[in-house]
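Once you know that position 182 of the sequence shown is 182 in the working numbering, the rest is easy, because the numbers rise by one and skip nothing. Positions of the beta carbon are idealized from the N, C-alpha and C atoms, including for glycine. In this text the structure is predicted, and so the values were computed from the model without any measurement.
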Amino acid sequence: SWSGAAPAEDVPTVATSLALLFLAKGRRPVVMSKLQYGENQQWDLHRSAVQHLTERVEQRWKRDLSWQTVDVRAATLEDLLQTPVLCISGREAFEFTVDQKENLRQYVNQGGFIFAEACCNGEGFDRSFRALMNELFPDSSLRLLPEDHPVWYAEEKVNAKYLRPLFGIDACCRTSVVYCPKDLSCFWELDRGVRNADYPKDVQEEVEACLAIGKNVVTYATSRELKNKLDRPQIAINRPAEDLERSVLYMPKLRHDGGSDDAPNALPNMLNFVRSQAQLRIDVTNRMVSATSDDLFDYPIVYMHGRRAFRFSPDERKAIATFVDRGGVIFADAICASPEFADSFRREMKNIFPAQSLARISPEHPMFTREFRGYDLAKVTVRDPQLRNADDPLITNLTEVSPLLEGISIDDRMMVIFSPYDISCAMENSNSLECKGYLKEDAAKIATNVVLFVLQQ
Numbered sequence: 001s002w003s004g005a006a007p008a009e010d011v012p013t014v015a016t017s018l019a020l021l022f023l024a025k026g027r028r029p030v031v032m033s034k035l036q037y038g039e040n041q042q043w044d045l046h047r048s049a050v051q052h053l054t055e056r057v058e059q060r061w062k063r064d065l066s067w068q069t070v071d072v073r074a075a076t077l078e079d080l081l082q083t084p085v086l087c088i089s090g091r092e093a094f095e096f097t098v099d100q101k102e103n104l105r106q107y108v109n110q111g112g113f114i115f116a117e118a119c120c121n122g123e124g125f126d127r128s129f130r131a132l133m134n135e136l137f138p139d140s141s142l143r144l145l146p147e148d149h150p151v152w153y154a155e156e157k158v159n160a161k162y163l164r165p166l167f168g169i170d171a172c173c174r175t176s177v178v179y180c181p182k183d184l185s186c187f188w189e190l191d192r193g194v195r196n197a198d199y200p201k202d203v204q205e206e207v208e209a210c211l212a213i214g215k216n217v218v219t220y221a222t223s224r225e226l227k228n229k230l231d232r233p234q235i236a237i238n239r240p241a242e243d244l245e246r247s248v249l250y251m252p253k254l255r256h257d258g259g260s261d262d263a264p265n266a267l268p269n270m271l272n273f274v275r276s277q278a279q280l281r282i283d284v285t286n287r288m289v290s291a292t293s294d295d296l297f298d299y300p301i302v303y304m305h306g307r308r309a310f311r312f313s314p315d316e317r318k319a320i321a322t323f324v325d326r327g328g329v330i331f332a333d334a335i336c337a338s339p340e341f342a343d344s345f346r347r348e349m350k351n352i353f354p355a356q357s358l359a360r361i362s363p364e365h366p367m368f369t370r371e372f373r374g375y376d377l378a379k380v381t382v383r384d385p386q387l388r389n390a391d392d393p394l395i396t397n398l399t400e401v402s403p404l405l406e407g408i409s410i411d412d413r414m415m416v417i418f419s420p421y422d423i424s425c426a427m428e429n430s431n432s433l434e435c436k437g438y439l440k441e442d443a444a445k446i447a448t449n450v451v452l453f454v455l456q457q
């Protein structure tokens, strides 16, 4: 038997039962967390709401899940990154410290998701939350999410009679903050699950509609994929650029007008993974470089991504050709498998290297093996969103395939490596239900193998 110091834990039978219950459920993946803040209980006005929503998501996904509470006063960035969805609720005005704000900003920038609501006519909370978002993300204001946004149907269709306005902030190819200025948790709290609830028909319908919104947001935020509790999050701190240091790998992004920085955290997150797995000295700063800048020739490899059509100038094409001729390598991917970017990239590479064309790199290429201290990439998983009927949830196929990379090489030296499938969105955020590309783990491994190959070829 066991006893503890918390209330009721002084009774060994009760304490032991609770301990066994924790051990039995303790490894369930966390699907969402409530953020505790302030000196009063306004963060927890509906104590069972998140629990009830989690239970409904469990039923829908047919898997065991858990939720938890995170205290903003004690939580580190690493603590926050262990939860895929951070729920912030309240009625009154609130204020966070500078460090707490920075943790929330970094949490979203590194793939986290904020789901917030102003409950119980919370005009004070509404003002504070909008001001907080404006401060944290000055370049991405809250926008009203349209009726075709996946939060309205990712898991199930919402009864139109009980729709609430939802606002969002976008990061790369997904919305990373969803905010509802009207009650949701109040109705989650009313849910009785499989037990009968003698509510009037309209009340029960509104409860179900609010739960559907909650399930849709959670599904959209997580893609129904959760981390193991024992997995430690990778943290990339995007530091200001400094002077180049010898024996450190620097890898900037190449500027263009097709969305060259549409996933600003993808490269830092990618390089952080490469640094930790390959034990290399790598700077993870999000550096940008123009093709016509003399700085271009300071780097052995440059990264390039985008989601729109673009075109290089004649001077830029000439500079890129010189960069490659001097030993430089271009590594690129199409964000969310953008066909516009892919077509432009292939056209520009043909303009720069008229005697060569991008061609598929053989799946048997040493780049996909452990030969350069990387990973065995005989098979990787590609997420492929499927067409859906109006009332269907979001569906994606997960398919094991050989890596699809295209390349240009001269005299057995690979000069250009291009992925028509997404890598950047996976590295910027979590896997997206709407984005065709590699799963985040495989995207990181592909990037690692490419970097190691380029440095040793």
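Compare the beta carbon distance of residue 220 and residue 299 with 9 angstroms and say whether it is the shorter of the two. no
Within 10 Å of its beta-carbon, does residue 355 have 16 or more other beta-carbons around it, so buried, or fewer, so exposed? exposed
Alpha carbon of residue 239 to alpha carbon of residue 286, nearest angstrom: Because residue 239 carries a pLDDT of 48, less than 50, the predicted location of this residue cannot be relied on, and no value is offered for it.
Would you check if the distance between the CB atom of residue 136 and the CB atom of residue 149 is smaller than 9 angstroms? no
Does DSSP put residue 101 in a helix, a strand or coil? helix
Give me the DSSP bridge partner(s) of residue 86. 33, 114
Using CA atoms only, rank isn't needed, just tell me which of 213, 367, 13 is closest to residue 405. 367
Grab me the residues of residue 403's own chain with a C-beta within less than 7 angstroms of its C-beta, minus the 5 sequence neighbours each way, in chain order. 363, 368, 377, 380, 446
Near residue 69, which residues of its chain fall below 6 angstroms by C-beta distance, leaving aside the five closest residues on each side in sequence? 34, 36
DSSP three-state label for residue 60, please. helix
Which of the three DSSP states is assigned to residue 266 in this structure? helix
Taking only the alpha-carbon atoms, compute the straight-line gap between residue 259 and residue 322 and give it to the nearest angstrom. 23 angstroms
CA-CA distance, residue 154 and residue 320? 42 angstroms
Could you tell me which residues DSSP pairs with residue 305 in its beta bridges? 333
Just reading off the beta strand (DSSP E) that residue 409 is part of, what are its end residues? 406-410
Please list the terminal residues of the continuous beta strand (DSSP E) segment that includes residue 286. Residue 286 -> no beta strand (DSSP E), and no H or E assigned at all.
Which of helix, strand or coil does DSSP assign to residue 17? helix
From residue 425 to residue 85, what does the alpha carbon distance come to, in whole angstroms? 18 angstroms
State whether the segment 79-96 contacts the segment 59-66, with contact taken as three or more CB pairs (one from each stretch) at a distance under 8 angstroms. no
Please work out which residues of its chain come closer than 7 angstroms, Cβ to Cβ, to residue 80, disregarding the five sequence neighbours upstream and downstream, and give them in chain order. 70, 86, 103, 107, 112
Which residue marks the beginning of the alpha helix (DSSP H) containing residue 188, and which one marks its end? 185-190
Quick one: using the 10 Å Cβ neighbour count with 16 as the cut-off for buried, is residue 294 buried or exposed? exposed
Go to residue 397, then tell me how far its beta strand (DSSP E) extends in each direction, as first and last residue. 396-401
Where does residue 251 sit, in a helix, a strand or coil, going by DSSP? coil
Where does residue 138 sit, in a helix, a strand or coil, going by DSSP? coil
Count the C-beta pairs between the segment 333-341 and the segment 450-457 that are closer than 8 angstroms, then say yes if the count reaches three, no if not. no
So the alpha helix (DSSP H) residue 343 belongs to, where does it begin and stop? 339-352
When we look at the beta-carbon of residue 11 and count the other beta-carbons within 10 Å, is it buried (16 or more) or exposed? exposed
By a C-beta neighbour count over all protein chains shown, 10 Å radius and 16 as the cutoff for buried, is residue 289 buried or exposed? buried
On a Cα-Cα basis, can you pick out the residue from 441, 56, 16 that is closest to residue 273? 441
In this structure, does DSSP put residue 443 in helix, strand or coil? helix
Identity of the residues DSSP links to residue 170 by a beta bridge: 175
Which class does residue 10 belong to by DSSP, given the choice of helix, strand or coil? coil
Which residues in the same chain as residue 428 place their Cβ atom closer than 6 angstroms to its Cβ, once the five residues preceding and following it in sequence are excluded? 172, 263, 265, 266
Please state whether DSSP places residue 45 in a helix, a strand or coil. coil
Using the Cα positions of residue 281 and residue 30, report the straight-line distance between them to the nearest angstrom. 33 angstroms
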